[in-house]
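The block underneath contains the structure these notes are about, expressed in structure tokens.
Residue numbers (UniProt numbering): 1 to 491.
Following this line, the structure appears as structure tokens:
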């Protein structure tokens, strides 16, 4: 009860002040914005936009005001930071806008919602309202490929996206849609002409609404939102930075192969396919190019293979992870040699061979999390009372859940864990594949899933290949544990 407070006129929650009037920004956070000095680096710009972006739904035309600041985060601007007068003006205007932000109304679910939407050539915008008070704002920029679409299709797209965005508010309730496009008023009665229109109309099925025509003069809020520039969803994030970028630049200049490419690109940027110079550093297909004898290669191999994040994965998986970030000549050959020579990998792993005979897999499901398979890994060293792991795998997407279980394991405890970690997120499955463990053939287990309409499928005795998908995932997890606990298996 120490954390409870009753009869308060307002409460603070996640940086907002919630009262009878609606939702407002926390004055302490606004004060922090007002005291924020002018940024001197890209990192400081990200921090400022991260804080103000959290309150963007309170600021009209936030994206338009913040555009000079967001331009500083683009790839071509990262090479040299320059704080211009335009950026300083946007910085001050954004501070002022936050101090004048309105109080958004709290949604009242016993009253009718009104969605005002509009679309332009560059974007769509919408306002969710109740009794002429804004509840929330929504806007989205449109891709270049939508420029060729008609105004009618863009208006239809804006309506569908806005309704889907506010689905928790609108589903199951009748609401009103107001638009300044007269033809859209007859959407529910007119003939659908193209396949793209059918797609957007299909997204509106299941909603109960009526469309009212409203001239653009009286539809200013949604119209302004739709005519904003490109919106960037910002959050307070921390970007990783390489500590040795200066060393890598020197290595690129000393390496004959990379130095020739840099010199060639200086005269003709399109002369070497795949390579480009960004901020004085050479990249290959968006990945940082390293010299084949770089001192950073051993450190990268260790980081992407030996650490818990790398998980002592195989050569192909380690290579794919590395190749997403860096590139050097004969990269796969060096990664493969490093993994093959890893002493830790040689101890617990064994060479997998394809079984003889005709493969007869289970039928492929039609929907994700409709058919699952499950198994238990037991007899693990106890940690905080947990000594077993319940492995649940979706047979279509191959996505898995690892659920820690305390001993002793019972059918009831497994059912509770399955309901809490799987059913809560994905719904009740249509079928469950498992072995013939006493937990899964108990009367409690069978009766529970009989009532829920789930079909239980058991593997043949002494034939774990029936549920090979879960068995393989078990092996991956057990190998991971072996690699990092082989020196101290009981800890």
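C-beta atoms are modelled at their ideal positions from N, C-alpha and C, and glycine is treated no differently.
Report the three-state DSSP secondary structure of residue i (helix, strand or coil).
i           : result
residue 99  : helix
residue 312 : coil
residue 53  : helix
residue 12  : strand
residue 365 : coil
residue 70  : helix
residue 274 : coil
residue 172 : coil
residue 336 : helix
residue 132 : coil
residue 506 : Residue 506 is absent from the model: the chain starts at 1 and stops at 491.
residue 17  : strand
residue 320 : helix
residue 145 : helix
residue 422 : helix
residue 383 : strand
residue 438 : coil
residue 59  : coil
residue 259 : helix
residue 89  : helix
residue 47  : helix
residue 84  : coil
Using only CA atoms, which one of the options lies nearest to residue i?
i           : options            : result
residue 200 : 164, 474, 168      : 164
residue 434 : 291, 458, 423      : 458
residue 181 : 118, 292, 161      : 118
residue 157 : 197, 170, 168      : 197
residue 454 : 126, 334, 370, 480 : 370
residue 429 : 413, 442, 451      : 451
residue 375 : 411, 384, 340, 202 : 411
residue 313 : 245, 345, 285, 286 : 345
residue 439 : 404, 390, 421      : 390
residue 38  : 130, 476, 385, 85  : 85
residue 246 : 267, 49, 288, 315  : 288
Could you give the residue range of the alpha helix (DSSP H) that holds residue i?
i           : result
residue 254 : 245 to 254
residue 479 : 468 to 485
residue 156 : 151 to 165
residue 186 : Residue 186 -> no alpha helix (DSSP H), and no H or E assigned at all.
residue 195 : 195 to 202
residue 205 : Looking at the DSSP string, residue 205 is not in any alpha helix (DSSP H), and its letter there is neither H nor E.
residue 304 : 296 to 305
residue 396 : No alpha helix (DSSP H) contains residue 396, which DSSP labels as neither H nor E.
residue 451 : 443 to 452
Here's the rule: buried if 16 or more other CB atoms are within 10 angstroms of the residue's CB, otherwise exposed. What is residue i?
i           : result
residue 4   : exposed
residue 155 : buried
residue 66  : buried
residue 13  : exposed
residue 104 : buried
residue 110 : exposed
residue 379 : exposed
residue 290 : buried
residue 124 : buried
residue 74  : exposed
residue 474 : buried
residue 162 : buried
residue 295 : exposed
residue 255 : buried
residue 172 : exposed
residue 324 : exposed
residue 244 : exposed
Between which residues of its own chain and residue i is the CB-CB distance below 7 Å, once the five residues before and five after are set aside?
i           : result
residue 19  : 9, 10
residue 349 : 479
residue 262 : 252, 277, 282
residue 94  : 52, 65, 66
residue 446 : 456
residue 91  : 38, 69
Mind checking which residues open and close the beta strand (DSSP E) that includes residue i?
i           : result
residue 345 : Note, residue 345: premise wrong, no beta strand (DSSP E); alpha helix (DSSP H) at 343 to 346.
residue 210 : 208 to 213
residue 414 : Taken as a continuous stretch (DSSP letters only), residue 414 belongs to no beta strand (DSSP E), being part of the alpha helix (DSSP H) at 411 to 418.
residue 119 : 114 to 119
residue 458 : 455 to 458
residue 282 : 281 to 284
Excluding five sequence neighbours on each side, which residues of the same chain lie with their C-beta closer than 8 Å to the C-beta of residue i?
i           : result
residue 373 : 392, 393, 395, 432, 433, 434, 467, 469, 470
residue 212 : 176, 177, 178, 179, 185
residue 368 : 394, 396, 397, 399, 426
residue 492 : With the chain covering only 1 through 491, there is no way to say anything about residue 492.
Got a sec: does the ligand NAP put a non-hydrogen atom nearer than 7 Å to the Cβ of residue i?
i           : result
residue 459 : Absence of the ligand NAP from the depicted structure is noted, as is the absence of any ligand whatsoever, leaving it without description.
Closer than 6 Å by C-beta to residue i: which residues in its own chain qualify, once you throw out the five before and the five after it? Chain order, please.
i           : result
residue 338 : 301
residue 388 : 376, 378, 405, 409
residue 106 : 22
residue 284 : 274, 275, 327
Measuring only between beta-carbons, confirm whether residue i sits less than 8 Å from chain B.
i           : result
residue 110 : Here there is only one protein chain, and chain B is not present.
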